[in-house]
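K.L.:
My structure is below; once you've seen it, I'll send some questions.
In the working numbering, the protein residues as written are 195 to 319.
Written out as C-alpha coordinates, the structure is:
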(Lines of atoms letter the chains of each structure in order from A and count residues from 1; the text may use other names and numbers.)
(Lines give C-alpha, C1' and ligand atoms only; values in the text may rest on other atoms or scores of the structure.)
Protein backbone atom coordinates (compact mmCIF):
# COMPACT_ATOMS: atom_id res chain seq x y z
CA UNK A 1 0.00 0.00 0.00
CA UNK A 2 1.43 3.36 -0.99
CA UNK A 3 1.43 6.11 1.63
CA UNK A 4 1.84 9.77 0.65
CA UNK A 5 0.97 13.04 2.35
CA UNK A 6 -2.71 13.88 2.09
CA UNK A 7 -5.69 15.08 4.06
CA UNK A 8 -7.08 11.55 4.47
CA UNK A 9 -3.74 10.04 5.52
CA UNK A 10 -2.00 10.38 8.85
CA UNK A 11 1.25 8.99 10.17
CA UNK A 12 2.35 9.00 13.81
CA UNK A 13 5.80 7.95 14.99
CA UNK A 14 6.28 7.05 18.64
CA UNK A 15 9.32 6.00 20.64
CA UNK A 16 11.42 3.10 19.38
CA UNK A 17 10.16 3.73 15.83
CA UNK A 18 6.65 2.37 16.54
CA UNK A 19 4.50 3.72 13.71
CA UNK A 20 0.78 4.09 13.11
CA UNK A 21 -0.74 4.80 9.71
CA UNK A 22 -4.38 5.91 9.54
CA UNK A 23 -6.27 6.00 6.26
CA UNK A 24 -9.65 7.75 6.33
CA UNK A 25 -12.21 6.55 3.81
CA UNK A 26 -14.94 8.75 2.30
CA UNK A 27 -17.89 6.73 3.50
CA UNK A 28 -19.52 7.59 6.79
CA UNK A 29 -21.28 5.08 8.97
CA UNK A 30 -23.29 6.01 12.05
CA UNK A 31 -21.99 9.62 11.93
CA UNK A 32 -18.32 8.59 12.01
CA UNK A 33 -15.72 8.45 9.27
CA UNK A 34 -14.52 4.96 8.50
CA UNK A 35 -10.79 4.46 8.97
CA UNK A 36 -8.21 1.76 8.41
CA UNK A 37 -5.46 1.59 11.02
CA UNK A 38 -2.11 -0.07 10.38
CA UNK A 39 0.74 -0.33 12.86
CA UNK A 40 4.41 -1.18 12.54
CA UNK A 41 5.74 -2.73 15.74
CA UNK A 42 8.69 -1.20 17.55
CA UNK A 43 10.84 -4.29 17.23
CA UNK A 44 13.83 -4.37 14.92
CA UNK A 45 13.58 -8.05 13.98
CA UNK A 46 11.40 -10.91 15.08
CA UNK A 47 10.81 -14.53 14.27
CA UNK A 48 8.10 -15.42 11.79
CA UNK A 49 5.65 -18.27 12.30
CA UNK A 50 8.01 -20.60 10.43
CA UNK A 51 10.96 -19.78 12.68
CA UNK A 52 12.91 -17.73 10.16
CA UNK A 53 14.04 -14.17 10.76
CA UNK A 54 11.50 -11.56 9.72
CA UNK A 55 12.60 -8.05 8.77
CA UNK A 56 10.06 -5.32 9.55
CA UNK A 57 11.74 -2.59 7.47
CA UNK A 58 13.04 -2.89 3.92
CA UNK A 59 14.77 -0.37 1.66
CA UNK A 60 14.27 -0.96 -2.06
CA UNK A 61 15.23 0.77 -5.29
CA UNK A 62 12.52 2.77 -7.02
CA UNK A 63 12.48 0.07 -9.69
CA UNK A 64 10.72 -2.07 -7.06
CA UNK A 65 7.63 0.16 -7.45
CA UNK A 66 7.52 -0.37 -11.21
CA UNK A 67 8.14 -4.11 -10.91
CA UNK A 68 5.32 -4.57 -8.36
CA UNK A 69 2.95 -1.89 -9.68
CA UNK A 70 0.02 -4.33 -10.02
CA UNK A 71 0.39 -5.41 -6.37
CA UNK A 72 0.39 -1.89 -4.90
CA UNK A 73 -2.88 -0.31 -3.81
CA UNK A 74 -3.50 3.25 -2.64
CA UNK A 75 -6.16 5.20 -0.83
CA UNK A 76 -8.02 6.07 -4.04
CA UNK A 77 -8.58 2.37 -4.70
CA UNK A 78 -9.74 1.69 -1.13
CA UNK A 79 -12.20 4.61 -1.15
CA UNK A 80 -14.42 2.58 -3.49
CA UNK A 81 -15.23 0.14 -0.68
CA UNK A 82 -16.57 0.23 2.87
CA UNK A 83 -14.34 -0.46 5.85
CA UNK A 84 -16.16 -3.73 6.54
CA UNK A 85 -15.64 -5.02 2.98
CA UNK A 86 -11.96 -4.04 3.01
CA UNK A 87 -11.30 -5.69 6.38
CA UNK A 88 -13.49 -8.77 5.94
CA UNK A 89 -12.91 -9.48 2.24
CA UNK A 90 -9.97 -7.67 0.65
CA UNK A 91 -7.43 -7.78 3.48
CA UNK A 92 -8.67 -10.83 5.39
CA UNK A 93 -6.23 -13.37 3.95
CA UNK A 94 -3.18 -14.32 5.93
CA UNK A 95 -0.48 -12.30 4.22
CA UNK A 96 2.15 -9.70 4.93
CA UNK A 97 1.19 -6.07 4.31
CA UNK A 98 3.70 -3.36 3.58
CA UNK A 99 3.27 0.38 3.74
CA UNK A 100 5.45 2.03 1.12
CA UNK A 101 6.16 5.32 2.84
CA UNK A 102 6.76 7.70 -0.07
CA UNK A 103 7.25 10.57 2.39
CA UNK A 104 10.58 8.99 3.37
CA UNK A 105 12.09 8.28 -0.05
CA UNK A 106 15.76 9.07 -0.47
CA UNK A 107 18.01 9.03 -3.53
CA UNK A 108 16.09 6.59 -5.72
CA UNK A 109 15.24 4.39 -2.72
CA UNK A 110 11.88 3.75 -1.03
CA UNK A 111 11.18 2.51 2.50
CA UNK A 112 8.75 -0.36 3.11
CA UNK A 113 7.41 -1.16 6.57
CA UNK A 114 5.80 -4.48 7.38
CA UNK A 115 2.55 -3.55 9.14
CA UNK A 116 -0.42 -5.16 10.83
CA UNK A 117 -4.03 -4.19 10.15
CA UNK A 118 -5.60 -3.29 13.49
CA UNK A 119 -9.21 -3.21 12.25
CA UNK A 120 -11.29 -6.31 12.83
CA UNK A 121 -14.13 -7.94 10.96
CA UNK A 122 -17.36 -7.72 12.96
CA UNK A 123 -19.08 -11.03 13.56
CA UNK A 124 -22.84 -10.99 13.18
CA UNK A 125 -25.40 -13.47 14.37
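Note that the Cβ used here is the ideal one computed from N, Cα and C, for glycine as well.
State yes or no: is the C-beta of residue 197 within less than 9 Å of the C-beta of residue 294?
P.N.:
The count along the chain shown starts at 1 and reaches residue 197 at position 3. The count along the chain shown starts at 1 and reaches residue 294 at position 100. The answer is yes: Cβ separation under 9 Å.
K.L.:
Under a Cβ-count criterion, where at least 16 other Cβ atoms within 10 Å of its own Cβ denotes burial, should residue 280 be classed as buried or exposed?
P.N.:
Here residue 280 refers to the residue found at position 86 of the chain shown. That one is buried.
K.L.:
With a floor of 4 residues, list each alpha helix (DSSP H) that falls wholly inside the region 243-309, ordered by position along the chain.
P.N.:
With a minimum length of 4 residues, the continuous alpha helix (DSSP H) runs that stay inside the region 243-309 are 257-261 and 269-272.
K.L.:
How close, in whole Å, do the beta carbons of residue 201 and residue 214 come, if the pair is a contact with beta carbons under 8 Å?
P.N.:
Within the chain shown, numbered from 1, the residue matching residue 201 stands at position 7. Within the chain shown, numbered from 1, the residue matching residue 214 stands at position 20. Not quite, the Cβ-Cβ distance comes to about 17 Å (not below 8 Å), so this is no contact.
K.L.:
Only counting the same chain, and skipping five residues up and downstream in sequence, which positions put a Cβ closer than 7 Å to that of residue 258?
P.N.:
Within the chain shown, residue 258 is the residue found at index 64, counting from 1. Same-chain partners within the cutoff: 304.
K.L.:
Can you list, in chain order, the residues of its chain with a C-beta nearer than 8 Å to that of residue 311? Leave out the 5 residues immediately preceding and following it.
P.N.:
Here residue 311 is taken as the residue at index 117 of the chain shown, counted from 1. Result list for residue 311: 230, 231, 232, 281, 285 and 291, in chain order.
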